[in-house]
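Here's the structure we're looking at; comments come further down.
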Amino acid sequence: MSRDFRKRKKKSSAEVTMPSLVSLIDLLTVLLVYLIKTFSVSPITVQDPSIQLPISTSQEAVEDSVVVMITGAERRDADAKGKPIMVPEIPTIAVDDDVLIQLGENYSIPTQYLERQFVIRPLKQRLLEVRKQQGVTAELGSGEGFSGKIVFVVDRNVPYRTLSRALVSSAEAGYDGFKFAIVKRES
Amino acid sequence: MAKKRRGGHGGSHEHFPEPDLLPLMNILFMLIIALITMSSLLPLGFLSSHAQKLATGGAAAIAPKEEKVPLNLIVFIMDNGFNISVRGSVKMGEGMDPNNPKKKRALIPVKIDASGNKIYDYEALLTKLEGIKALDIEEDKMTITADEEIRFEIVVDTMDAARFSKDKKPLYPLVSFAAGMVGA
Numbered sequence: 152m153s154r155d156f157r158k159r160k161k162k163s164s165a166e167v168t169m170p171s172l173v174s175l176i177d178l179l180t181v182l183l184v185y186l187i188k189t190f191s192v193s194p195i196t197v198q199d200p201s202i203q204l205p206i207s208t209s210q211e212a213v214e215d216s217v218v219v220m221i222t223g224a225e226r227r228d229a230d231a232k233g234k235p236i237m238v239p240e241i242p243t244i245a246v247d248d249d250v251l252i253q254l255g256e257n258y259s260i261p262t263q264y265l266e267r268q269f270v271i272r273p274l275k276q277r278l279l280e281v282r283k284q285q286g287v288t289a290e291l292g293s294g295e296g297f298s299g300k301i302v303f304v305v306d307r308n309v310p311y312r313t314l315s316r317a318l319v320s321s322a323e324a325g326y327d328g329f330k331f332a333i334v335k336r337e338s
Numbered sequence: 021m022a023k024k025r026r027g028g029h030g031g032s033h034e035h036f037p038e039p040d041l042l043p044l045m046n047i048l049f050m051l052i053i054a055l056i057t058m059s060s061l062l063p064l065g066f067l068s069s070h071a072q073k074l075a076t077g078g079a080a081a082i083a084p085k086e087e088k089v090p091l092n093l094i095v096f097i098m099d100n101g102f103n104i105s106v107r108g109s110v111k112m113g114e115g116m117d118p119n120n121p122k123k124k125r126a127l128i129p130v131k132i133d134a135s136g137n138k139i140y141d142y143e144a145l146l147t148k149l150e151g152i153k154a155l156d157i158e159e160d161k162m163t164i165t166a167d168e169e170i171r172f173e174i175v176v177d178t179m180d181a182a183r184f185s186k187d188k189k190p191l192y193p194l195v196s197f198a199a200g201m202v203g204a
């Protein structure tokens with residue numbers, strides 16, 4: 152009994168075997184495939200640190216569409232110690248990451264951009280251009296017509312005054328299927 | 021024979037040692053970290069609305085068989101609470117708002133918490149909307165309009181409150197928005 156033990160001890164100290172990494176690699180590959188799959192499924196991601204989305208009980212899935220973004224007046228950042236802080240930021244209105252206008256104090260829209268009090272001219276014009284492009288793409292492609300769907304990625308602190316003008320401008324450009332990006336919460 | 025046993029693997033296997041998997045593992049780790057960093061961990065979703073379609077057809081348009089008075093439900097989000105309009109009649113609270121004597125009290129006034137913040141009463145709004153649903157159970161559309169300074173977050177919470185009744189039946193899931201209209 153004791154001889155066997157000594158023999159085994161002697162053997163293990165003599166041969167330093169490398170642990171098999173194959174099973175670990177299998178695990179990592181599965182994890183990688185899962186992440187790539189999840190990553191490709193979501194057509195819209197909100198990475199902008201100056202947007203805090205509202206939380207909603209809506210369970211509707213995310214769809215790809217033209218995106219109008221209204222950023223907030225604060226941006227997430229980190230101080231010297233790495234502690235998360237909020238720093239002031241100029242709110243903007245952008246279409247598909249292309250910034251159109253910078254908003255004034257308290258999310259006010261500069262009057263030179265307003266048309267008939269409720270229409271934001273640069274936003275309407277940009278959306279009309281996008282609509283035209285979408286029409287050309289639809290003609291060349293599968294023939295899927297213009298859906299009129301538009302996604303609003305809006306900071307939760309944006310006042311109704313600014314939001315309603317953005318909605319009216321979009322509707323004027325023919326986009327009336329409004330979808331708002333939210334963070335899902337269980338009801 | 022003894023030589024073979026010592027080697028563990030015999031013959032031609034000695035020429036093909038097991039490949040070093042550590043660089044591959046490093047790459048996989050880096051890829052996983054990059055993907056986790058790039059992907060948003062927040063469960064992103066959508067909240068739909070629908071814009072009001074303009075009525076088409078003039079005198080020649082076919083009239084509906086049954087005359088039905090539309091509910092025309094409008095929820096006004098005011099800075100002092102909610103007002104509701106049904107069939108063109110705006111329902112408000114009684115008396116004047118103690119915080120703003122120029123304004124009438126809201127039908128569903130806001131509550132003030134210990135730190136002085138305004139809390140909108142979504143439970144009371146839901147109860148009111150359930151009562152209104154009894155007037156026309158087929159109607160599933162409503163319009164939201166708000167004071168200029170009402171934050172988007174409150175508009176979303178109002179849409180959430182109006183979507184389903186307490187027993188999870190659809191209430192007013194189709195929402196349209198109106199601008200420049202305040203029921204005070």
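So the protein sequences, as listed, match chains A and B. So the number in this note's numbering is just where the residue sits in the first sequence, counting from 1, plus 151. So the number in this note's numbering is just where the residue sits in the second sequence, counting from 1, plus 20. Built from N, CA and C at the ideal position, the CB exists for glycine as well.
For the alpha helix (DSSP H) assignment, the uninterrupted runs of no fewer than 4 residues enclosed by the segment 256 to 318 of chain A are, from N- to C-terminal side, 272 to 291.
With fewer than 16 other beta carbons inside 10 angstroms of its own, residue 189 (chain B) counts as exposed. Taking 7 angstroms as the threshold, the shortest C-beta distance from residue 269 (chain A) to chain B falls below it. Around the beta carbon of residue 178 (chain A), fewer than 16 other beta carbons sit within 10 angstroms, so the residue counts as exposed. Note that the segment 184 to 199 of chain B touches the segment 157 to 170 of chain B; at least 3 beta-carbon pairs, one per stretch, sit closer than 8 angstroms.
Chain B has a Cβ within less than 7 angstroms of the Cβ of residue 311 (chain A).
Taking C-beta separations shorter than 7 angstroms and ignoring five residues to either side along the sequence, the partners of residue 336 (chain A) in its chain run 206, 207, 208, following chain order. Within the segment 311 to 333 of chain A, the residues whose Cβ lies closer than 8 angstroms to any Cβ of chain B are, in chain order, 311, 312, 314, 315, 316, 318, 319, 322, 327, 328, 329, 330, 331, 332, 333. In this structure, the CA atom of residue 124 (chain B) is about 34 angstroms from the CA atom of residue 321 (chain A). Across the segment 168 to 181 of chain B, CB contacts with chain A closer than 8 angstroms involve 168, 169, 170, 171, 172, 173, 175, 176, 177, 179, 180, in sequence order along the chain. Secondary structure note for residue 328 (chain A): its beta strand (DSSP E) is the uninterrupted segment 328 to 335. Nearest CB-CB separation between residue 207 (chain A) and chain B: below the 7 angstroms threshold. Of all residues in the segment 43 to 64 of chain B, only 44, 45, 48, 49, 51, 52, 55, 56, 58, 59, 60, 62, 63, 64 place a beta-carbon less than 9 angstroms from a beta-carbon of chain A.
No Cβ-Cβ contact shorter than 7 angstroms links residue 197 (chain A) with residue 270 (chain A).
Between the alpha carbons of residue 310 (chain A) and residue 110 (chain B) lies a gap of roughly 23 angstroms. Comparing C-alpha distances from residue 282 (chain A) to each of A:181, A:218, A:316, A:211 shows the shortest one belongs to A:218. Separation of residue 170 (chain A) and residue 36 (chain B) (C-alpha to C-alpha, rounded to the nearest whole angstrom) is 18 angstroms.
Counting C-beta pairs closer than 8 angstroms gives three or more between the segment 220 to 229 of chain A and the segment 237 to 251 of chain A, which meets the contact rule.
Beta-bridge partners assigned by DSSP to residue 124 (chain B): B:116. DSSP places residue 181 (chain A) in the helix class (H, G or I) of the three-state scheme. Taking 7 angstroms as the CB threshold, residue 240 (chain A) stays off the interface with chain B.
Residue pairing by DSSP puts residue 171 (chain B) in a beta bridge opposite A:310.
In the DSSP secondary-structure assignment, residue 323 (chain A) is not bridged to any residue. With respect to the 7 angstroms criterion, residue 181 (chain B) and residue 142 (chain B) are classified as neighbours on the basis of their beta carbons.
Residue range 42 to 58 is occupied by the alpha helix (DSSP H) that includes residue 53 (chain B).
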